[in-house]
Amino acid sequence: MSLITPSHIQLNEEGRLKHFLTTEGLSQPLLTEILDTADSFISTQERNVKTVPLLRGKTVVNLFFENSTRTRSTFELAAKRLSANILNLDIARSATSKGETLMDTLWNLESMYSDMFVVRHADSGAAHFIAQHITPNVAVINAGDGRHAHPTQAMLDMLTIRREKGPFENLTVAIVGDILHSRVARSQIYALKTLGSTDIRVIGPNTLIPKDIESLGVRAYNNMAQGLKGVDVVIMLRLQKERMQAALLPSEAEYYRLFGLSTDKLALANPGAIVMHPGPINRGVEIESAVADGPQSVILKQVSNGIPMRMAVMAMAMGGQNQTRQEEG
Amino acid sequence: MKVQPQNTIVIQGGHVFDPQHSLDAVMDIFIENDTVVALGTPPQGFIANETINARGKMVFPGFIDLNAFLGEPGFSQKGTIASETRAAAQSGITILCSTPDSKPVIDSATLAALVQDKAQQAGYCRVQPIGALTAGLQGEQLSNMFALKDAGCVALSNQDASFQDSRVIQQCYHYAAGFDICVFSTPLDTALAHEGCMHEGPTSTHLGLAGNPVSAEISSMAQQLILCEETGTKLHFSRITSKQALDMVISAQQKGLAVTADVALGNLYFNDEDCADYNSLMHVTPVYRSQQDRQALLQGVNDGYLSICSNHRPHELAAKMAPFAATDAGISVLDSFAAAIFNLVDTGKLTLAAAIGALTALPAKAIDQPAGQIIPEGRADLCIADMKQACELSTEDLASKGHNNPWLGESLVGKVTCTINGGHIVYRA
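Taken in order, these protein sequences are the chains called A and B. Quick note, the first sequence lines up with residues 1 to 329 if you use my numbering. Quick note, the second sequence lines up with residues 330 to 758 if you use my numbering.
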């Protein structure tokens, strides 16, 4: 039986993006093209008239099975700046008939002739599942699926790193915190590897580091001081409060003592190292306020880069769909 | 004056193979009514009403499946006793042990009798139910264990349901031992398994799916082996998944405990890497583990330690149409059971003797039944197979209601051509 990875179905026959489900399995030129495209949209964001007509006449559906204000809003803004029509759907996830709800929802939406679904779902593989079962010609953008992937977040982080620190080849990057439950971390690791980083580290207690993490090509550290030594980029992950109740961690205080990014700990990294966080941040839980608001923090730049990055992947995936459509037509 | 039997069959020229009785030669088999009356030479005055030409084919004892979910009662959208036993007959199965996790749960003599009656009406194979070990499979109160055994349950099990605490397990085993009731157990510490929907390893980490660690299986197994030794119950580990679990079975047997075990066919075919594209057909209970585990389990069958069961779980289409973890676990196996096992023989992964032993003598021993053998005066439960015939199942060929069959469209070598259940031809290709 051949091994098919989830990345396979996101490319059309020309090797162009037609869905954006995961950073895994995409080539370096393609990831670089996504970054370049996003870079070009940054300049349009600084203009008075911020819209471009790339998605004019298209209907984008924000399909959020899991609550999110920030991610959804940036997708909405990105779609509007590409001149698309946007429909926001917040669908409470029914615990009893999840599968049927999802399929029924999709069939209903298909009947409305949408062109793109932006999907967030609590189950790993949900965006992949939707891309497999949706009508051809509808692009699926993964806005976060379970613990699996959050590729637009990872790519806006890559954009931020490239703009702040330059090429990836010689960069040492540490991802700190709850790796086990983090879709962001997985997507970052795949993107960093493909873009050329050779020293990627994950730092956290064993209970928050998934088994066999080394198989993803990273080194795991339990000791923050060792892990941060000589690092150029520090990516802090958000710690969900409910982790305290699941026998994963003793207390916020002990977590902060060991893994909270304080000014002292940051001093162990390379001078000029940048500090990142996908947000929203828990001040005093995973990061000290002085660090979050300090000169090395690029957290707000990440937020600004979110819109051009989402514009870039939406435009590229729609382009890949149009290409497929023309060939079929 | 001798009364002429109503039903006489001769199976001519087949290669009769029953390793348990050192049968491995071309010979004819003579059947009167439900009984094999002679091997090789016809009894005096034998006149066959029916002649089956088995030249170039193998003749095996009818197969025994130790674990299949039939859907009925309660889940007829997934399967019925008639549809699923028909699929079983096409795979040469003549005894099928049905699981107790229907709706209602098989925890009373009436329900156990109902399942057997329905199977008898359908007429494809004998269903010998596995009854519930605890009332309603709730893991709290003992079921009417003796009444269930009396009503034809060959074993009792809590299937995939958990126990309230370890004392309930101990008391079930204690009680069962007093009435010589065989207990089937699928070892799993549900707290350790947590939300795991696949084997914990590189692939689960890669996919972001919650992992079910090997420790969840073997820590439960260790506890049950201690209780088995303490109570002296006859314990069968159903559907083990790991090399460590197999090693524990072997050492328990060497210690002299009344412990047997089986492996689900799927665990001999697939491993955790097959989940890599979120294929919901690979979402099963118990889970597929690593490639090393799969190799060890194949070796365990070849060494004669493990029976092979189907772990058949037919589902309606919608049950598998969702993201991986949200789908119903399990695959539909019975239509492909024999062909897939024959294919393991054809590709050199299993020896023929081990495969047949794992489908006949070993499971018969686990349920303590005089079955799975070809002997004069034995019940005429037989399976005839063409081991060289390639077959490829398509949806239209399926007898099972479940189309969640991972072998659909796969070319497999080896096919059952005829199944005889108690002297009745119940399937003919």
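We put the beta carbon where it would ideally sit given N, CA and C, even for glycine. Source: prediction; values computed, not measured.
For residue i, which residues in chain A fall below 8 Å Cβ to Cβ?
i, result
"residue 524 of chain B", "In chain order: nothing, as chain A lies at least about 10 Å away."
"residue 540 of chain B", "210 and 211"
If residue i sits next to residue j, beta carbons under 8 Å apart, how far is it from one beta carbon to the other, in whole angstroms?
i, j, result
"residue 285 of chain A", "residue 252 of chain A", "5 Å"
"residue 760 of chain B", "residue 697 of chain B", "Look at the range of chain B in this structure, 330 to 758, and you will see that residue 760 of chain B is not part of it."
"residue 654 of chain B", "residue 744 of chain B", "With a Cβ gap of about 35 Å, residue 654 of chain B and residue 744 of chain B do not count as contacting."
"residue 481 of chain B", "residue 442 of chain B", "7 Å"
"residue 425 of chain B", "residue 397 of chain B", "5 Å"
Taking residue i as the query, report the chain A residues whose CB atoms sit under 9 Å from its CB, ordered along the chain.
i, result
"residue 610 of chain B", "Per Cβ cutoff of 9 Å: no residues; residue 610 of chain B is ~11 Å from chain A at best."
List the residues of chain B that residue i touches, going by C-beta distances under 7 Å, in chain order.
i, result
"residue 212 of chain A", "530, 531 and 534"
"residue 128 of chain A", "607"
"residue 146 of chain A", "537"
Taking the alpha carbon of residue i as the point to measure from, which residue in the options has its own alpha carbon closest?
i, options, result
"residue 657 of chain B", "B/663, B/633, B/515 and B/611", "B/611"
"residue 236 of chain A", "A/306, A/313, A/281 and A/196", "A/281"
"residue 42 of chain A", "A/321, A/323, A/309 and A/314", "A/309"
"residue 573 of chain B", "B/419, B/559, B/438 and B/625", "B/625"
"residue 19 of chain A", "A/250, A/84, A/123 and A/135", "A/135"
"residue 422 of chain B", "B/455, B/403 and B/408", "B/455"
"residue 269 of chain A", "A/291, A/283 and A/278", "A/291"
"residue 80 of chain A", "A/58, A/65 and A/142", "A/58"
"residue 61 of chain A", "A/174, A/17 and A/140", "A/140"
"residue 156 of chain A", "A/198, A/312 and A/306", "A/306"
"residue 352 of chain B", "B/336, B/338, B/369 and B/341", "B/369"
"residue 486 of chain B", "B/516, B/598, B/450 and B/710", "B/516"
"residue 120 of chain A", "A/147, A/324 and A/111", "A/147"
"residue 643 of chain B", "B/700, B/627 and B/404", "B/404"
"residue 651 of chain B", "A/302, A/297, A/123 and A/241", "A/123"
"residue 196 of chain A", "A/171, A/184 and A/186", "A/171"
"residue 470 of chain B", "B/447, B/622, B/501 and B/416", "B/501"
"residue 359 of chain B", "B/377, B/348, B/346 and B/600", "B/377"
"residue 505 of chain B", "B/527, B/460 and B/690", "B/460"
"residue 206 of chain A", "A/223, A/114 and A/73", "A/223"
"residue 166 of chain A", "A/233, A/23, A/76 and A/50", "A/233"
"residue 350 of chain B", "B/686, B/585 and B/580", "B/686"
"residue 194 of chain A", "A/294, A/144 and A/216", "A/216"
Going by the DSSP bridge assignment, what does residue i pair with across the sheet?
i, result
"residue 117 of chain A", "A/61 and A/140"
"residue 390 of chain B", "B/711"
"residue 202 of chain A", "A/175 and A/220"
"residue 214 of chain A", "Bridge partners of residue 214 of chain A: none, in fact."
"residue 527 of chain B", "B/540"
"residue 87 of chain A", "A/61"
"residue 563 of chain B", "B/511"
"residue 756 of chain B", "B/748"
"residue 322 of chain A", "BP columns for residue 322 of chain A are empty, so no partner."
"residue 346 of chain B", "B/353"
"residue 341 of chain B", "B/382"
"residue 365 of chain B", "B/360"
Report the rounded CA-to-CA distance for residue i versus residue j, giving the unit in angstroms.
i, j, result
"residue 137 of chain A", "residue 723 of chain B", "29 Å"
"residue 304 of chain A", "residue 63 of chain A", "22 Å"
"residue 4 of chain A", "residue 69 of chain A", "Any reading at residue 4 of chain A must be qualified, since the residue scores a pLDDT of 44, below 50, and its modelled position is unreliable; the value itself is stated next. In a straight line, the C-alpha of residue 4 of chain A is about 33 Å away from that of residue 69 of chain A."
"residue 94 of chain A", "residue 688 of chain B", "In this prediction, residue 94 of chain A scores a pLDDT of 46, lower than 50, which makes its location untrustworthy; the coordinate-derived value is nonetheless stated afterwards. Between residue 94 of chain A and residue 688 of chain B, the C-alpha separation is close to 42 Å."
"residue 97 of chain A", "residue 619 of chain B", "In this prediction, residue 97 of chain A has a pLDDT of 46, which is less than 50 and means its spatial position is unreliable; nothing more can be read from the coordinates."
"residue 531 of chain B", "residue 209 of chain A", "12 Å"
"residue 582 of chain B", "residue 588 of chain B", "6 Å"
"residue 181 of chain A", "residue 713 of chain B", "52 Å"
"residue 199 of chain A", "residue 536 of chain B", "22 Å"
"residue 316 of chain A", "residue 671 of chain B", "49 Å"
"residue 529 of chain B", "residue 213 of chain A", "11 Å"
"residue 741 of chain B", "residue 726 of chain B", "14 Å"
"residue 133 of chain A", "residue 749 of chain B", "43 Å"
"residue 312 of chain A", "residue 219 of chain A", "31 Å"
"residue 548 of chain B", "residue 518 of chain B", "7 Å"
"residue 701 of chain B", "residue 125 of chain A", "44 Å"
Give the interface partners of residue i over in chain B, defined as CB-CB distance under 9 Å, in chain order.
i, result
"residue 121 of chain A", "652"
"residue 154 of chain A", "None at all; the shortest Cβ gap to chain B is about 13 Å."
"residue 103 of chain A", "647, 650 and 651"
"residue 215 of chain A", "530, 531, 532, 534 and 535"
Identify the contact partners of residue i in chain A, using a Cβ-Cβ distance below 7 Å as the criterion.
i, result
"residue 313 of chain B", "Any question about residue 313 of chain B goes unanswered here, given that chain B covers just 330 to 758."
List, in chain order, every chain B residue whose beta-carbon is nearer than 8 Å to that of residue i.
i, result
"residue 149 of chain A", "537"
"residue 183 of chain A", "537"
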